[in-house]
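This report refers to the structure that appears directly beneath it.
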Amino acid sequence: MSQSDVFWSASLEEIKQGYKEEANYYVCLLCGEQIEKGVIYPHEEVLYEAKRYIRLHIENTHDSVFNYLLNLDKKLTGLTEHQTTLLKHFYAGKSDKEVQQEMEIGSSSTIRHHRFVLKEKERQAKTLLAIMELLKEKDQYAPAFVAPHKHATMLDDRYAVTAEEQTKILNKYFIEGLTGPLNKFPPNEKQRLVVLRAIAGRLDANAKYNEKDLNAILKEIYNDYVLIRRYLIEYGFLDRKANGSAYWLKK
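178 is the number that the working numbering gives to position 115 of the sequence shown; each next residue is one higher, with no gaps.
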């Protein structure tokens, strides 16, 4: 199961806490880091049991679950940039007057109106979540869609891929299996997304690659490794430093 699949299959409570408990470990929903149960972890001369350490990991690595979620693409959060900024101020514990002065908009009553609009969105989200949960019990024909990766740059029909379609696409383009080479790069964008996702899954989520090492890995998958590298960045699977000195998977 990919990191995106783990994230989207988590419950609301698990997403709020930022980690999921498995039989033998805790897994960070934000980056995939696994903390083994029964192990004592040292940090700054203090020893932590696994459950406390996964919380410490989230705090030190991701600042907070709240900020991580807010920084996801607006297609996933459903929030405008303006609403995202407001929420950051609210989370920082600022008063309506302080928010109004920092953002230089309207008056305190304007900020209160924005709070009301956000509460409306919360009620709508809860209602839709309940509707969809109830629908699962009745909709026997609903296909199993593959969840989009968390840093998808554009969510549209190209991401409407069922698990069955994904398997067919991967079998078509990786005829020697997912650990083998790509026989050709798909011309269809939906197929490209499936293939790129599989390629991204072959990279180490915790590694930072220099360009030479990344090219060597991608060249084993497809001869036009520059094309693959470019599309991995363009579709939000891969990030890099501006000078191209380091590349890493987005988490």
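Ideal Cβ placement from N, Cα and C applies to all residues, glycine included.
| Check | Outcome |
| --- | --- |
| Under 8 Å, with one C-beta from each stretch per pair, do the region 115–122 and the region 165–177 reach the 3-pair mark? | no |
| In whole angstroms, what is the alpha-carbon distance linking S172 and N278? | 55 Å |
| For T225, which three-state DSSP category applies? | strand |
| For a test of the three-state rule: what should DSSP assign to F179, helix, strand or coil? | helix |
| I need the straight-line Cα distance from K314 to S127, nearest angstrom please. | 14 Å |
| Rounded to whole angstroms, what is the Cα-Cα separation between H145 and K160? | 17 Å |
| From which residue to which residue does the alpha helix (DSSP H) around E77 run? | 75–80 |
| With E99 as the anchor, note down where its beta strand (DSSP E) starts and where it stops. | 97–99 |
| From which residue to which residue does the alpha helix (DSSP H) around R260 run? | 252–263 |
| Which word fits Y154, buried or exposed, when buried means at least 16 other C-beta atoms lie within 10 angstroms of its C-beta? | exposed |
| If you reduce the DSSP assignment to three classes, tell me which class L132 lands in. | helix |
| For V109, which beta-bridge partners are listed by DSSP? | H106 |
| Use the C-beta contact count for I194: other C-beta atoms within 10 angstroms, 16 or more gives buried, fewer gives exposed. | exposed |
| In whole angstroms, what separates the C-alpha of L312 from that of D136? | 16 Å |
| Around the C-beta of G307, are 16 or more other C-beta atoms found within 10 angstroms, so that it is buried, or is it exposed? | exposed |
| Going by alpha carbons, who is nearest to H152 out of K138, L133, T140? | L133 |
| Can you find the residues in the same chain that come closer than 6 Å, C-beta to C-beta, to I291, ignoring five residues on each side of it along the sequence? | L281, Y285 |
| Rounded to whole angstroms, what is the Cα-Cα separation between T230 and Y204? | 19 Å |
| With DSSP collapsed to three states, give me the class of D202. | coil |
| Give me whichever residues DSSP pairs with Y310 in a beta bridge. | Y272, R303 |
| Return the CA-CA distance between N246 and I238, expressed in angstroms with no decimal places. | 7 Å |
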